[in-house]
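A.B. asks: Encoded as structure tokens, here's the structure I'll be asking about.
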Amino acid sequence: MTTNPAIDDDFTMIRNIINSYFTGLYQGNSSQLKAIFHPTAMLKSPGNFRSLERWLQDVETRATPESLGQPFNFKVLSIEIIHDQAMVKLECPLFDYFYIDFLGLLKEQGRWLIVNKMYTDIAQTTETSAA
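Those letters in the sequence shown? Residues 26 to 156, by the working numbering.
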């Protein structure tokens, strides 16, 4: 089996972005997060649409999982790369929530950035379904 070095490089770059995303969330590092998002990115969950700037303000003003002593339990569920676009599915347990994030990335001028984030709290969905 042969490998494609370009795909391997893209996969490595995307993994690095995901690692920055996880540590940025865990530590509440808005500068680190801002560096991996496109400036026009939108963050969307059911009933909640925020600009990148608004979300970064929220990250800056809340307690961090690290400061609360919460475990670092983030996980990559899948990465799909098709040419210059990628979709990443993640588990992001934060505070009392268990988020599943879908991050859309585009590669422009040799650089990958997150252009869209959709997320939902599956803990809330599970509790609602069980009721």
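Note that the Cβ used here is the ideal one computed from N, Cα and C, for glycine as well.
Provide the residue(s) that pair with residue 73 in DSSP beta bridges, ordered along the chain.
C.D. replies: BP columns for residue 73 point to 70.
A.B. asks: Under the rule that 16 or more other beta-carbon atoms within 10 Å means buried, what is residue 35, buried or exposed?
C.D. replies: Per the 10 Å Cβ criterion, buried.
A.B. asks: Helix, strand or coil: how does DSSP classify residue 87 here?
C.D. replies: If DSSP states are grouped into helix, strand and coil, residue 87 belongs with coil.
A.B. asks: Kindly confirm or deny that the segment 81-92 and the segment 40-56 touch, where touching means at least three C-beta pairs closer than 8 Å.
C.D. replies: Segments in contact, yes.
A.B. asks: Would you report the Cα separation of residue 144 and residue 73, rounded to the nearest angstrom?
C.D. replies: So the two alpha carbons sit approximately 10 Å from each other.
A.B. asks: With 16 as the cutoff for other CB atoms within 10 Å, does residue 142 come out buried or exposed?
C.D. replies: Looking at its Cβ environment, which holds 16 or more other Cβ atoms inside 10 Å, residue 142 is buried.
A.B. asks: Looking only at its own chain, which residues have a Cβ that is under 8 Å from the Cβ of residue 67, when we skip the five neighbours before and after it?
C.D. replies: Here the set comprises 74, 75, 76, 77, 141 and 142.
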